[in-house]
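Working notes, beginning with the structure itself.
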Amino acid sequence: MSFLGVSDQLIRKYCSKGKKCFWGYTGLVEPTSTRELYLFDCSLFNYVKEEYREYPELRILLSFKAGVSPGDMWFTSQMEYPSLVERAPCTISDIENCIKNSISTLDKMIQEYYSLLKSSKKELAKLTPRPLSYAEIRGRYYGLLLRRDFLSKIVSSLGYDSGVLKSRVKPIYVLYSIDLSKWDFTALTGNKHIKLGAHKKLIDVEKIINTVK
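In this text, residue positions in the sequence shown follow numbering that gives the first Met the number 0: the first is 0, and each later residue adds one.
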């Protein structure tokens, strides 16, 4: 297995006392239309907080720009850092199916809430376990539309077009760092450090720390 190389300077800074470094399994995605590289999650989604577990687009939300170009990459050994268990194969078909299923599930959820918006109060009482107010239904509906729009932008940047992922994919491990006092999440790629705000929000950091002790 390939471990994406990280500079000694970054390792000294982000894997020192008060921080925890570990490897996470990802797919290195290179869209055929651009030289921009992305890292698609294949392990961290198993460690999300309870309130986000039902998000169909989780793996996509945990993906990010790699911060390196193809010519700037190198690979290294695992060194002394532990690795998370692989939770998905991280092949092109796996990532393509993940995107398709995420879009399909969100679209169904949007359609369900759209139907509820058109229902009468009497019909709503029959359709939902707890009667929802019009404001609640409207809020959830428009919230789903925003998520769908955001999802479309992300998958487009990954090279997904008309149901096909037009990209090259290589399964690799990337080194992550967690600041144990602030819970800040950082990816280390080559000479770059990438602050991952979404990961800090979505990931159950304590669960990961206990896993990679």
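A virtual CB, placed ideally from N, CA and C, is assigned to each residue, including glycine.
These numbers come from a predicted model, not from an experiment.
Judged by DSSP secondary structure, Arg139 falls within the alpha helix (DSSP H) whose first and last residues are Tyr133 to Ser156. Bridge partners of Glu205 according to DSSP: none are assigned.
Put simply, the backbone Cα of Tyr54 is about 19 Å away from that of Thr25. Per DSSP, reduced to three states, the secondary structure at Cys20 is strand. If you draw a straight line from the Cα of Val28 to the Cα of Ser132, it is about 43 Å long.
Rounded to whole angstroms, the gap between the alpha carbons of Ser15 and Val5 is 14 Å.
Of the residues assessed, Glu205 falls on the exposed side of the cut-off, its CB having fewer than 16 other CB atoms within 10 angstroms. Taking all protein chains in view, the Cβ of Leu179 is surrounded by fewer than 16 other Cβ atoms within 10 Å, so the residue is classified as exposed.
Annotation for Pro170: Gly26 and Cys89 place their beta carbon closer than 6 Å to its own, counting only its chain and skipping 5 residues before and after. A direct Cα-Cα distance of roughly 11 Å separates Ser166 from Ser92.
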